[in-house]
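Asker:
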Amino acid sequence: MGQMGKSTSLNHNDMKKSKRREKHYWEEWVGRIYTSICVVLLLVVIVSIVFFVSSKGLATFFENGVSLKEFFTGRTWNPDESFGALPFITGSFAVTLLAALIAGPLGLCAALFMTEILPGRGKRILQPAVELLSGIPSVVYGFIGLSVIVPFIRDYIGGQGFGILAGCLVLSIMILPTITSIMADALASLPGGLRESSLALGATRWQTISRVVIPTVLPALLTGVVLGMARAFGEALAVQMVIGNAPHVPGSLTESAATLTSTITLSMGNTAMGSVHNNALWSMALVLLLMTFVFVILVRLLERRNRI
Amino acid sequence: MSQAFGTEHLSVFYGDFEAVKGISLEFPAQSVTALIGPSGCGKSTFLRSLNRMNDTISQARTTGHIWMNGSDLNDPATDVIKLRQQIGMVWQKPNPFFKSIYNNIAFGPRYRGMKKKKQLDEIVENSLRKAALWDEVKDRLNESALSLSGGQQQRLCIARALSVNPNILLLDEPASALDPVSTGKIEELISELKNELRIVIVTHNMQQAARVSDYTAYFYLGKMIERDKTDKIFTNPENKLTQDYISGRFG
Amino acid sequence: MMIKKAKRADKIATIVICFFAMLIVAILVGLLGFIIVRGLGHINWHFLTSAPQMIRGGGGIGPQLFNSVFLLILTLIITVPLGWGGGIYMAEYAKPGKITNVIRLVVEVLSSFPSIVIGLFGLLVLVNAFGLGFSLLAGAMALAVFNLPLMVRTTEQAFRAVPKEQKEAGYALGLSKWKIITSILLPVALPSLITGTILASGRIFGEAAALMFTAGMSSPPLDFTDWNPLSSRSPINPLRPAETLAVHIWKVNSEGLAPDAKEIAAGASAVLVILILCFNLGARWLGRVAYRKFTAAKRID
Amino acid sequence: MKKKLPFMLTILALMLTLAACGSNNDASGTGGSSEAGGETESKLSGSVLAVGSTAMQPLVEQVGQKFMADDKYKEVTVQVQGGGSGTGLTQVSEGQSDIGNSDVFGEEKLDADKAKELVDHQVAVVAMTAVVNPGVSVDDLTKEQLVDIFTGKVTNWKDLGGEDQKIVIVNRPASSGTRATFEKFALGESKLADLEGSIQEDSSGTVRKLVAETPGAIGYLALSYLDDSVKTVKYAGVEATVENVEKGEYPVWAYQHMYTKGEPSETVKAFLDYMLSPEVQESDVVELGYIPVSGMQVTRDAEGNVTQK
Chain S
3 MGQMGKSTSL
13 NHNDMKKSKR
23 REKHYWEEWV
33 GRIYTSICVV
43 LLLVVIVSIV
53 FFVSSKGLAT
63 FFENGVSLKE
73 FFTGRTWNPD
83 ESFGALPFIT
93 GSFAVTLLAA
103 LIAGPLGLCA
113 ALFMTEILPG
123 RGKRILQPAV
133 ELLSGIPSVV
143 YGFIGLSVIV
153 PFIRDYIGGQ
163 GFGILAGCLV
173 LSIMILPTIT
183 SIMADALASL
193 PGGLRESSLA
203 LGATRWQTIS
213 RVVIPTVLPA
223 LLTGVVLGMA
233 RAFGEALAVQ
243 MVIGNAPHVP
253 GSLTESAATL
263 TSTITLSMGN
273 TAMGSVHNNA
283 LWSMALVLLL
293 MTFVFVILVR
303 LLERRNRI
Chain E
1357 MSQAFGTEHL
1367 SVFYGDFEAV
1377 KGISLEFPAQ
1387 SVTALIGPSG
1397 CGKSTFLRSL
1407 NRMNDTISQA
1417 RTTGHIWMNG
1427 SDLNDPATDV
1437 IKLRQQIGMV
1447 WQKPNPFFKS
1457 IYNNIAFGPR
1467 YRGMKKKKQL
1477 DEIVENSLRK
1487 AALWDEVKDR
1497 LNESALSLSG
1507 GQQQRLCIAR
1517 ALSVNPNILL
1527 LDEPASALDP
1537 VSTGKIEELI
1547 SELKNELRIV
1557 IVTHNMQQAA
1567 RVSDYTAYFY
1577 LGKMIERDKT
1587 DKIFTNPENK
1597 LTQDYISGRF
1607 G
Chain U
96 MMIKKAKRAD
106 KIATIVICFF
116 AMLIVAILVG
126 LLGFIIVRGL
136 GHINWHFLTS
146 APQMIRGGGG
156 IGPQLFNSVF
166 LLILTLIITV
176 PLGWGGGIYM
186 AEYAKPGKIT
196 NVIRLVVEVL
206 SSFPSIVIGL
216 FGLLVLVNAF
226 GLGFSLLAGA
236 MALAVFNLPL
246 MVRTTEQAFR
256 AVPKEQKEAG
266 YALGLSKWKI
276 ITSILLPVAL
286 PSLITGTILA
296 SGRIFGEAAA
306 LMFTAGMSSP
316 PLDFTDWNPL
326 SSRSPINPLR
336 PAETLAVHIW
346 KVNSEGLAPD
356 AKEIAAGASA
366 VLVILILCFN
376 LGARWLGRVA
386 YRKFTAAKRI
396 D
Chain G
86 MKKKLPFMLT
96 ILALMLTLAA
106 CGSNNDASGT
116 GGSSEAGGET
126 ESKLSGSVLA
136 VGSTAMQPLV
146 EQVGQKFMAD
156 DKYKEVTVQV
166 QGGGSGTGLT
176 QVSEGQSDIG
186 NSDVFGEEKL
196 DADKAKELVD
206 HQVAVVAMTA
216 VVNPGVSVDD
226 LTKEQLVDIF
236 TGKVTNWKDL
246 GGEDQKIVIV
256 NRPASSGTRA
266 TFEKFALGES
276 KLADLEGSIQ
286 EDSSGTVRKL
296 VAETPGAIGY
306 LALSYLDDSV
316 KTVKYAGVEA
326 TVENVEKGEY
336 PVWAYQHMYT
346 KGEPSETVKA
356 FLDYMLSPEV
366 QESDVVELGY
376 IPVSGMQVTR
386 DAEGNVTQK
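First to last, the sequence lines map onto chains S, E, U and G. Residue numbering for the first sequence follows this note's numbering, beginning at 3 and increasing consecutively. Residue numbering for the second sequence follows this note's numbering, beginning at 1357 and increasing consecutively. Residue numbering for the third sequence follows this note's numbering, beginning at 96 and increasing consecutively. Residue numbering for the fourth sequence follows this note's numbering, beginning at 86 and increasing consecutively.
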């Protein structure tokens, strides 16, 4: 039973940091540097994106003299003359809010189905289904919208088929996975005892859900909806194909409209870099950027209230 | 091998809450010292500061000295990693690595530069024998450590600590999550190991403290009330507080 | 009387919830069915391997398919080290406090950036300023930017999910933090890391908006025999422009002159969706297998 | 401070690399081949980067592939990118690409001084014609009628002799070159406002699909995109045929420009000459539905005044 060499006696200098660095010191240094590089690189990329988009976006107002008021409240968008981007801002908000109105409840039902009604089998059916929905690329969503949803609306609901309705239908399917998965996690993270105690009081399942389960995880559920809206607000290709792209505030849900992203997708390529029209498009990209910040901060506020 | 090892005015602060208040305690060579006291009295925090594990908790701050033959382990200049290689530690919940039994033991020595297979095999067998686990696992060394029972996993953790030949072994309630049979095996193990290395054990179980330890220290609200030979403490302790705790009047 | 009303409400609610849940499954089956059935007829070996035609019919998606896969590999080569490194920093090295929260907030913002903005940023910086020109590398870097936040978040969650005791055991054994991370925590976190990476690949594969301005909308004729990465005709030269499958679908459906443009787009969409399907199912299956291998013990938790 | 050191170090290193990359971009920016072998034509090598109008991309790409296949230019690689006329003109004027494809004159997109630097190479002519949904009975529209439609004065086909059907305009975005040409030469207007409820698509394929499927729809397409799913409409009695365009009777056409910044380098010049060679003009240009420049009996300058050749 030989000992693994005499155990080293613990003299004083042995413990001090010897000049010749130990192996583990270098290891630690490498680890710290490597991970720091990754995070610094990530931050530099984000900062440079924000810098580039805002420098070009703000040029419209400072160099080209387009007034902020006209840009945000003007209703006519006729490049080189008037740069009223209100139609696009309203279009983006309308499409996003309606999509959230559709996908929110739908997502909640799916999440409830997975966690409350049929936890075992339900999850095995719905979870892959929802994830596959998120896998379908936006290009394919666009073409399905163009070839299925628009004709359907045109024939059965009237109008041109294009417009806010088509846009929000396509978007609601696209953001459904985000909303459903976050809601399902929120419902699953609920302490089990809560449900049992409510059921023990003789409440029916729906009373338990509506009076106990949902109120306690409401902030997390709303977080899912807000993140879904963030995704909808930034979607470009799929929306551009079904929205119709008329730069006006539409009269009805089935009249050609436009969003910030659809206008950027449409015209960015056709405009020469540095021209007023191009800068105005970058200003719209800046609005998209700011909205992303707003959504994330909204989520932070919701998370703060969600202290279960 | 008789090096002095003990603390002098050791305090541990979580933010501004002082969990351990200026404790000086000496651990004689080849002895088992048991730390007992009601939960929340700071005995585990004190144990964890000995091999500076509290440093891994960001808001914890340790003041005072931990003397190990003349050098203060609490001195910032001390190389924490070299320090921890001298002191082994085992927790209440067995935490073997998600690796095979062999690799769990061989990981420490291999990290310290031991490359030859023959030597590693010898250390693994040696450590498992010391942890009284060799006969139960000698023919399935490559199986996942998670396939062992709770008691076996705990002994594996002890074997892993022994594989790097520490001078001191810290046990934080090693048997409180185990069945009586495994607890018995662990206690036998402790009394055998004590002639090789110094052991400090934190436990809730006073009978266990009486059975395995040479010295016992009673902790209460972050302070050390009394420290003496184990049989002295459990027959007629000096301090009334210790007497109340021993006789189970409270805590 | 009250109880009967409550019971009825409960029944109605259950029916409504089940109806909507099944509606979602129906939507998915409908969508996938529509895409795959419409496109399947057009898929054959010739279609999958031959080069696209400008005017004549019978064009294929060979180069585009190769570009998509090669671009995915390039993107992962960039994203995995950076994403895992960043995730490890957030999970292990970042001290909880103001800075870490700000970093996490900023990373989350990047994750919901519209991809068109990242594409334009790619054009300005990668294509023009860095002089990469329309190339696979520019496209891969743009996609990396688009995908890093997701990778960082999945990595951080994977590392946080590893039981805390493993790290404590490592410290007590006198290992350096980096050794603990790479040799003790990483193997345990690997299954969910791999699943996260594969799901991210699904997203990379389907991305088009970010690539139009970076990897470009055309690809030079590829000479599959020439494997030296420097010559401009070789498939694996990272500095050549490359139109991916998703971008090709966009281009064919908008500017396609060939008579069978519609069928090509349908076929390409079907191929794209089938591949992403394999990614998702593969990730799910691999995650289950790895998890079972790891917890081989009888431990049922 | 010790903990922060690695963090600071990485930021510093990163700044250096960014700066270094930034500075060398002008060196490798010009794609033009500088090392073109001078002795004989066949020794040309290097790469030609053409960026710009998505409408021109199929033509230039097809000719590029033929050019590369020709063993005289085996060493040269031609790369054609889309992105739209605006991107093309910007990239060429900033030296980021050798050729800027555009279906409008440079002056219309770039400001004067930048446009002057560009040398125009007109490689083909694209004619456009108004198209309507097959369900619309009208098959001839005068200039005034077209103006009334696209300015919103007339909103129902019955006012133009068709059935009682609401007119749905399928237009191009304001920034599109195709739209600028159509407005200038078919309507004699410029920069018309976008009408409420008009549908806008930048890609010709989608416009064709929408006009074919939307009852009462009207739009305009290049001849190369015409097929039997849409009905062509005569422009004031004149059929949009190649002869009418060449004779100058059918005014709605535009040059396809391939701009270079100053005189093109040798390889780029070789490609442009190849583009104008009869071998391309007679086959690819015609095959793709464009009209060869050589066949035109009239020419037109940026301001739009036509001169008999």
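For glycine and all other residues, C-beta sits at the position ideal for the given N, C-alpha and C.
Classify S326 of chain U as helix, strand or coil using the three-state DSSP reduction.
Answerer: Here residue 326 of chain U corresponds to residue number 231 of the third sequence, with the count starting at 1. Reduced to three states, the DSSP call for S326 of chain U is coil.
Asker: Give me the subset of the stretch 154-184 of chain S whose CB atoms are less than 8 Å from a CB atom of chain G, sorted by chain position.
Answerer: Under the 8 Å Cβ criterion, the stretch 154-184 of chain S contributes R156, Q162, G163, F164.
Asker: Sorted by chain position, which residues of the same chain lie with C-beta nearer than 6 Å to S1538 of chain E's C-beta, five sequence neighbours on each side aside?
Answerer: One-based indexing of the second sequence puts residue 1538 of chain E at position 182. The answer, listed in chain order, is G1507.
Asker: Let me confirm a value: C373 of chain U is counted as buried when at least 16 other C-beta atoms fall within 10 Å, else exposed. Which label applies?
Answerer: By one-based count along the third sequence, residue 373 of chain U stands at place 278. Counting Cβ neighbours within 10 Å, C373 of chain U comes out exposed, since fewer than 16 surround it.
Asker: Taking Cβ to Cβ, would you say S1603 of chain E is nearer than 8 Å to H1560 of chain E?
Answerer: Walking along the second sequence from the start, residue 1603 of chain E turns up at place 247. Walking along the second sequence from the start, residue 1560 of chain E turns up at place 204. No. Outside cutoff.
Asker: Please list, in chain order, the residues of the stretch 1434-1455 of chain E that have any C-beta partner in chain S closer than 8 Å.
Answerer: Those would be T1434, D1435, I1437, K1438, L1439, Q1442, in chain order.
Asker: To the nearest angstrom, how far is it from the Cα of K1588 of chain E to the Cα of N1595 of chain E?
Answerer: The residue given as residue 1588 of chain E occupies position 232 in the second sequence. The residue given as residue 1595 of chain E occupies position 239 in the second sequence. Approximately 12 Å, taken between the alpha carbons.
Asker: Skipping 5 residues on each side, what residues in its chain have a beta carbon closer than 6 Å to that of S285 of chain S?
Answerer: As a position in the first sequence, residue 285 of chain S is number 283, starting the count at 1. Same-chain partners within the cutoff: G59, T62.
Asker: With a threshold of 8 Å, are at least 3 pairs of Cβ atoms found where one atom belongs to the stretch 186-200 of chain G and the other to the stretch 137-156 of chain G?
Answerer: Flag = yes, the stretch 186-200 of chain G and the stretch 137-156 of chain G touch.
Asker: Quick one: using the 10 Å Cβ neighbour count with 16 as the cut-off for buried, is Y386 of chain U buried or exposed?
Answerer: The sequence position of residue 386 of chain U within the third sequence is 291, counting from 1. That one is exposed.
Asker: Thinking C-alpha only, which one of G:G247, G:V208, G:S260, G:M153 is nearest M381 of chain G?
Answerer: Translated into positions along the fourth sequence, residue 381 of chain G becomes position 296. Measuring from the Cα of M381 of chain G, the nearest candidate turns out to be G:V208.
Asker: Express the C-alpha separation of M246 of chain U and V198 of chain U in angstroms, rounding to a whole number.
Answerer: Counting from one through the third sequence, the residue named residue 198 of chain U turns up at place 103. Counting from one through the third sequence, the residue named residue 246 of chain U turns up at place 151. Reading off the sequence, residue 198 of chain U comes out as Ile, not Val. Cα to Cα, the separation comes out at about 15 Å.
Asker: Run through DSSP, which three-state label would I211 of chain U get?
Answerer: For the purposes of this step, residue 211 of chain U is taken as the residue at position 116 of the third sequence. Correct three-state label for I211 of chain U: helix.
Asker: May I have the straight-line CA-CA distance separating C113 of chain U from I119 of chain S, to the nearest angstrom?
Answerer: For the purposes of this step, residue 113 of chain U is taken as residue 18 along the third sequence, with counting starting at 1. For the purposes of this step, residue 119 of chain S is taken as residue 117 along the first sequence, with counting starting at 1. The alpha-carbon atoms of C113 of chain U and I119 of chain S are separated by roughly 8 Å.
Asker: Residue range of the beta strand (DSSP E) that N1498 of chain E falls in?
Answerer: Taking the first residue of the second sequence as position 1, residue 1498 of chain E is located at position 142. That residue, N1498 of chain E, is in no beta strand (DSSP E); it is neither H nor E in DSSP.
Asker: Between the alpha carbons of K1473 of chain E and M185 of chain U, how many angstroms are there, rounded?
Answerer: One-based indexing of the second sequence puts residue 1473 of chain E at position 117. One-based indexing of the third sequence puts residue 185 of chain U at position 90. Computed Cα separation, rounded: 37 Å.
Asker: Between G:Q164, G:Q147, G:S260, which lies nearest to D82 of chain S when the distance is taken from Cα to Cα?
Answerer: For the purposes of this step, residue 82 of chain S is identified with residue 80 of the first sequence, where counting begins at 1. The shortest C-alpha separation from D82 of chain S is found at G:S260.
Asker: Less than 8 Å between the beta carbons of R1417 of chain E and L1439 of chain E, yes or no?
Answerer: Along the second sequence, one-based indexing puts residue 1417 of chain E at 61. Along the second sequence, one-based indexing puts residue 1439 of chain E at 83. Not in contact: R1417 of chain E and L1439 of chain E (Cβ atoms no closer than 8 Å).
Asker: Applying a beta-carbon distance threshold of less than 8 Å, which residues of chain E neighbour E24 of chain S?
Answerer: On the first sequence, position 22 is the one that residue 24 of chain S refers to. In chain order: D1435, I1437, K1438.
Asker: At the 8 Å Cβ level, is L134 of chain G part of the contact set with chain U, yes or no?
Answerer: Numbered from 1 along the fourth sequence, position 49 holds the residue referred to as residue 134 of chain G. So, interface residue.
Asker: Could you tell me if V124 of chain U is buried or exposed, where buried requires 16 or more neighbouring beta carbons within 10 angstroms of its beta carbon?
Answerer: Taking the first residue of the third sequence as 1, we reach residue 124 of chain U at position 29. By the 10 Å Cβ count, V124 of chain U comes out exposed.
Asker: Is the distance from the Cβ of S313 of chain U to the Cβ of P336 of chain U below 8 Å?
Answerer: Position 218 of the third sequence holds residue 313 of chain U. Position 241 of the third sequence holds residue 336 of chain U. Going by C-beta atoms, S313 of chain U is nearer than 8 Å to P336 of chain U.
Asker: Tell me, which residues are paired with P286 of chain U by DSSP?
Answerer: As a first step, residue 286 of chain U must be located in the third sequence, where it is residue number 191. DSSP output for P286 of chain U lists no bridge partner at all.
Asker: With a threshold of 8 Å, are at least 3 pairs of Cβ atoms found where one atom belongs to the stretch 85-99 of chain S and the other to the stretch 281-295 of chain G?
Answerer: Taking 8 Å as the limit for Cβ pairs, the verdict is that the stretch 281-295 of chain G does not touch the stretch 85-99 of chain S.
Asker: Sort U:E358, U:K100, U:G291 by Cα distance to R383 of chain U and report the nearest one.
Answerer: Indexing the third sequence from 1 puts residue 383 of chain U at position 288. Selected option, being the one with the closest Cα: U:G291.
Asker: Taking 8 Å as the threshold, find out whether the stretch 209-220 of chain G comes into contact with the stretch 315-326 of chain G through three or more Cβ pairs.
Answerer: At 8 Å Cβ cutoff, the stretches touch.
Asker: Hey, L1429 of chain E and F1402 of chain E: beta-carbon distance below 8 Å or not?
Answerer: If you number the second sequence from 1, residue 1429 of chain E lands on position 73. If you number the second sequence from 1, residue 1402 of chain E lands on position 46. Result no, Cβ atoms of L1429 of chain E and F1402 of chain E do not sit closer than 8 Å.
Asker: Please tell me whether R233 of chain S has its Cβ less than 8 Å away from any Cβ of chain U.
Answerer: Numbered from its first residue, the first sequence carries residue 233 of chain S at position 231. So, interface residue.
Asker: Starting from D1443 of chain E, trace the beta strand (DSSP E) in both directions and tell me its first and last residue.
Answerer: On the second sequence, position 87 is the one that residue 1443 of chain E refers to. The residue asked about is misnamed: residue 1443 of chain E is Ile in this sequence, not Asp. Segment 1443-1446, the beta strand (DSSP E) holding I1443 of chain E.
Asker: Out of curiosity, what's the CA-to-CA distance linking F115 of chain U and G226 of chain S?
Answerer: Here residue 115 of chain U refers to the residue found at position 20 of the third sequence. Here residue 226 of chain S refers to the residue found at position 224 of the first sequence. Approximately 18 Å, taken between the alpha carbons.
Asker: Per DSSP, what kind of secondary structure is M312 of chain U in: helix, strand or coil?
Answerer: If you number the third sequence from 1, residue 312 of chain U lands on position 217. In the structure shown, M312 of chain U sits in coil (DSSP, three-state: anything other than H, G, I, E or B).
Asker: Using a beta-carbon distance cut-off of less than 8 Å, what residues from the stretch 1370-1381 of chain E approach chain U?
Answerer: Those residues of the stretch 1370-1381 of chain E that come within reach of chain U (Cβ to Cβ, closer than 8 Å) do not exist; the list is empty.
Asker: Could you work out which residues of chain U lie near T1412 of chain E, taking near to mean beta carbons separated by less than 7 Å?
Answerer: Within the second sequence, numbered from 1, the residue matching residue 1412 of chain E stands at position 56. Neighbours of T1412 of chain E on chain U, chain order: Y266.
Asker: Is S84 of chain S helix, strand or coil when you go by DSSP?
Answerer: Against the first sequence, residue 84 of chain S aligns to sequence position 82. Of the three classes helix, strand and coil, the one that applies to S84 of chain S here is strand, per DSSP.
Asker: May I ask you to list, following chain order, the residues of the stretch 269-287 of chain U that have a beta carbon less than 8 Å from some beta carbon of chain E?
Answerer: Of all residues in the stretch 269-287 of chain U, G269, L270, S271, K274, S278, I279, P282, V283 have a Cβ within less than 8 Å of some Cβ in chain E.
Asker: Measure the Cβ-Cβ separation of T345 of chain G and L129 of chain G and say whether it is below 8 Å.
Answerer: Reading the fourth sequence from its first residue, position 260 is the one you call residue 345 of chain G. Reading the fourth sequence from its first residue, position 44 is the one you call residue 129 of chain G. Their beta carbons are not under 8 Å apart, which means T345 of chain G does not touch L129 of chain G by this criterion.
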